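Chains as they are written, first to last, in the working numbering: chain A, -16 to 313; chain B, -16 to 313.
Note that CB positions come from ideal geometry on N, CA and C, so glycine has one too.
Since the structure is predicted, the reported quantities are computational estimates derived from the model, not experimental observations.
Okay, so here's the structure we're looking at.
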DNA sequence: ACGTCAAATAACAACGTTGTTAATAATAAT
DNA sequence: ATTATTATTAACAACGTTGTTATTTGACGT
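Here it is as structure tokens:
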């Protein structure tokens, strides 16, 4: 089946080492012979065997990305951006939607040069099976991690949102998000809210100051917002904990015929491009997705081509972005 | 760096061929030696080199899935199901979100044993660069394809939906979906609607019998449904062309305070599990996702392990499924 | 025309596995 | 005790590349 370098060596009457060099456009081989080789290669339908190349070069020119929760859309824009950046570096990205552990094993099998991981709350486990042999960078929450982690300053993000509302004169501010004790990232956001409110000496309504969505899906946000609306304890400013939740909240507000920002000023989370597609333009806070993608890719690349060491924790600072005013054409 | 089979051969005083056999649990090696090898392997932290193994075995035990449109959620449930089925076969799945052509090239590099592709409308291109060396199965619309295609009988699906409504006594039936001329799949659905209506001698309202969403996103469905509602040409039965569109339509109907199925009976498309998560349970029509996943995986597996030939086109028949009545607990 | 030096190509050893064949140790049969 | 037979292990070629070293070829100066 497979046409190898030796076949084209036979055809051209050259040694297979020169054929190899010719195919790699080495300066050590004369132009006419290069052309002869190339022509013959095309004629025979030669396809390089990358297992062989990987074996000798100890490189696959690919990065693996472990993303177990594919069905939650929030990260897909980030993944797309990461993919783009990796390609720009001359590498390729492969994705696994398996649980992190088996994804990493798969990547090892595929001989990737580096691994990116989206961690959620299984921190404990990860540490035990990360392969020393392959560079790994995680988008997660710092712990006693031995591998580099890219973190977002979630507390500060919420802080920015609260202060923004405060300066606009809002006194009744609520937070809507997942308050469960499992996901560290969500905990930081909640904590950030509490601290910011205290600092500004604002009161957190005991019942509806912090609304628990009990989940991160669109629908969770919807249901929680609905409860809030029915309670008649509506704040004037509302901060939502994630992109998906914002969507649900928006919907609930719309159904209740509440106007944004007149009746209630909603601040979304996660600065991803899709934000612009939302029906109602939203003020939002978070780390711009391309900044995040850039950090992750350059970090793992630095490890792969060990140009320099990568800090154990990199905290990225969030920004506030004002709503984009939609033009008539949409 | 890399601990190899030879290192553990040295350690145990055995030849590296017996070490290899021991690690693969061959019956040709005595139990005590096996144990010795295993212990030493663990002690040294041995990690097999799969490039070497792939090279000699000409197999990677992995299937590549090309899915360029990751940001559209509709297929994610199918992808998850396919991943599960592939794992059950003892293989692994890697995913690429690159354009199909470069995804395929990547998969070749990674030495996958087989490739699955989600085609949209770039049929023309694909044919030219499919590698003869790797089995490839596509979820697409049949053309002059030389590779196996899994197709869904979209026309029949719409037919079933129309007939279902007709038998319930509906006369005013509309279709809402993407009517663009580019996507073959969408064209089939539209055609199916026209034919079914004609067959039943039902009139298609010239303005609002077929509503063009001009896109496949959630929001496209929303906007189109909104136009429909404002037109006051509301049908009693409405068939939507995709999962995402159904979501948008649902939302628009809800905002207009229209009840399902009392005011209007909406039939969704794509029988995917998430359907159950929709706020409003929906009658829906389409091919159950696990059936589709099964067809794709078994097809590519048959090629990979060439057990048997795979038909050039496999048309899967859709089914109607009635709304799941939600229990109080949700 | 002959030796010198550079350019071009050939030869060959790796890379880390697996599968096949050869060699040895242990056991059974006479 | 000696050979035939089998269980174990060792040796070695192969997989398809790349990089290093050796060899050949050709051009040049004298």
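When rounded, the separation of the alpha-carbon atoms in residue 306/B and residue 221/B is 15 Å. Residues of the segment 220 to 243 of chain B with a C-beta atom less than 8 Å from some C-beta of chain A are 234, 237, 238, listed in chain order.
Membership of residue 85/B in the alpha helix (DSSP H) is indicated by the continuous run 83 to 92. Positions of the beta strand (DSSP E) runs, each at least 3 residues long and wholly inside the segment 130 to 194 of chain A, are given as 132 to 135, 156 to 160 in order along the chain. Nearest CB-CB separation between residue 251/B and chain A: not below the 8 Å threshold. Among the CB atoms of chain B, one or more fall inside 8 Å of the CB of residue 78/A.
Every unbroken stretch of the beta strand (DSSP E) spanning 3 or more residues and falling wholly within the segment 199 to 245 of chain A is given here in chain order: 220 to 223.
Listed in chain order, the non-local C-beta contacts of residue 144/B below 6 Å within the same chain comprise 222, 250, 268, local neighbours out to five positions each way being set aside. Of the residues -5/B, 194/B, 127/B, 245/B, the one whose Cα lies closest to the Cα of residue 211/B is 194/B.
A distance below 8 Å separates the beta carbons of residue 1/B and residue 16/B. Assigned with DSSP and collapsed to three states, residue 111/A falls in helix. For residue 34/A, the neighbours in chain B by C-beta distance under 7 Å run, in chain order, 34, 37, 38, 94. Around the beta carbon of residue 140/A, 16 or more other beta carbons sit within 10 angstroms, so the residue counts as buried.
Separation of residue 63/B and residue 86/A (C-alpha to C-alpha, rounded to the nearest whole angstrom) is 14 Å. In the DSSP secondary-structure assignment, residue 77/B is bridged to 47/B. Excluding residues up to 5 positions away in sequence, 157 lie with their Cβ nearer than 6 Å to the Cβ of residue 192/A in the same chain. Counted as a single uninterrupted DSSP element, the beta strand (DSSP E) harbouring residue 121/A occupies residues 119 to 122. Going by C-alpha positions, residue 77/B is about 28 Å away from residue 4/B. Going by beta carbons, residue 280/A and residue 68/A fall inside the 8 Å limit.
Every alpha helix (DSSP H) stretch that sits fully inside the segment -14 to 68 of chain B and reaches 4 residues is listed by chain position as -12 to -5, -1 to 6, 14 to 27, 33 to 40. Per DSSP, reduced to three states, the secondary structure at residue 268/A is strand. What residue 45/B touches in chain A, judged by beta-carbon distance under 9 Å, is 89, 92, 93, going in chain order. For residue 302/A, the uninterrupted beta strand (DSSP E) segment begins and ends at 302 to 304. In the structure shown, residue 287/B falls within a helical segment according to DSSP collapsed to helix, strand and coil. Listed along chain A, the residues sitting closer than 9 Å to residue 114/B by beta-carbon distance are 30.
The segment 270 to 285 of chain B and the segment 214 to 233 of chain B do not touch, with fewer than three beta-carbon pairs separated by less than 8 Å.
Spatial neighbours of residue 109/B in its own chain (CB-CB distance under 7 Å, excluding positions within 5 residues in sequence) are listed in chain order as 83, 102. Contact fails between the segment 233 to 251 of chain A and the segment 113 to 124 of chain A, because fewer than three Cβ pairs, one in each stretch, are under 8 Å apart.
Burial is judged here by how many other beta carbons sit within 10 angstroms of a residue's own beta carbon; residue 46/B has at least 16 and is buried. Put simply, the backbone Cα of residue 121/B is about 17 Å away from that of residue 289/B. For the C-beta of residue -15/A, the chain B residues within less than 9 Å are, from N- to C-terminus, 41, 116. Per DSSP, the continuous beta strand (DSSP E) segment holding residue 297/B begins and ends at 296 to 299. Within a 10 Å sphere around the beta-carbon of residue 123/B sit 16 or more other beta-carbons, which makes this residue buried.
Taking 8 Å as the cut-off, the beta carbon of residue 201/B is found no closer than this to the beta carbon of residue 166/B. Per DSSP, reduced to three states, the secondary structure at residue 293/B is coil, with no helix or strand assignment.
At a Cβ-Cβ threshold of 8 Å, residue -9/B and residue 12/B do not count as neighbours.
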